Amino acid sequence: MAAAVLLAAAAWPALTYNRLVQARAAVDAQWAQVETQYQRRVDLVPNLVEAVRGVLVQERTVFEALPLGRLLGVVESYPNLRSVEAVARLMDELAGTENRIAVERRRYNARVAVYNTRVQQFPTMLVAGLGGFRVRPYFESASAAGTAPALTLSSP
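The opening residue of the sequence shown carries number 11 in our numbering; numbering runs sequentially from there.
Here is the structure:
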C-alpha cells in the first residue's frame, strides 16, 4: 500500500507535466491554423483582385469601343464578360476566408482556455510553475479591426 502511494506521488508530477506539454502543443498547433488562414487571405486577395480587375478592363474596353446598338450583340457573343459575377465570386471568397479566420480564432481561444485552466489549477500550478508554463493570452482583435479594409478594383 505504501509503495503504491509512493509510486503515485512520484508519477503524478511527470503525468501532470506531460498533460501541460500536450495542452501547450495544442495551443501552438491551433495558432498555426490561424496563421494558415491569414496566409490564405494574403495569397487569395491580390490574385482575385487582379482577376476581377482584368475582367473589368476588358469590359470597359468593349463597352467604350462599340456603339450602343452593337453592344447587346457583343455581350451575347462574349459570355465571359461578366464583371458582376466576378465581383460576386471575389466577395464570396473574401467572406469565406474571413469566416475561416474567425473559426480558427475561436478554436485557438478555446485551446487557450483549456491550457490556462490547467496552468492555474491547484495542484497542477505547482508543476506548471516549475516547468515554465505560463498563462497564454487570448486572441483579441486590434482596435482597428472593426474598420473594413479598402478594396480597389480600378487599374493602379
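Glycine included, each C-beta is placed from N, C-alpha and C at the ideal position. Quick caveat: nothing in here was measured; it's all calculated off a predicted structure.
Check your understanding: In three-state DSSP terms, what is M101?
Key -> helix
### Query
Using the rule of at least 16 other Cβ atoms within 10 Å of the residue's Cβ for burial, across every protein chain shown, is F132 buried or exposed?
exposed
message = Once the 5 residues before and after L54 are set aside, which same chain residues still bring their CB inside 7 Å of it?
response = E103 and T107
Nearest-angstrom Cα separation, counted from Y27 out to N126
14 Å
Q. Just reading off the alpha helix (DSSP H) that V137 is part of, what are its end residues?
A. T134 to G141
### Query
Under the rule that 16 or more other beta-carbon atoms within 10 Å means buried, what is L136, buried or exposed?
exposed
Helix, strand or coil for V62? Go by DSSP, reduced to three states. helix
Give me the Cα-Cα distance between V62 and L100, rounded to the nearest whole angstrom. 8 Å
To the nearest angstrom, report how far apart S151 and Q43 are at their CA atoms. 17 Å
Original post:
Whose CA, out of T46, A123 and V59, lies closest to the CA of F149?
Top reply: A123
L30, buried or exposed, once every other Cβ within 10 Å from all chains shown has been counted against 16: buried
Could you check the C-alpha separation between R50 and L58 for me, to the nearest Å?
12 Å
Quick check on V65: buried or exposed, where buried means 16 or more other Cβ atoms within 10 Å of its Cβ?
buried
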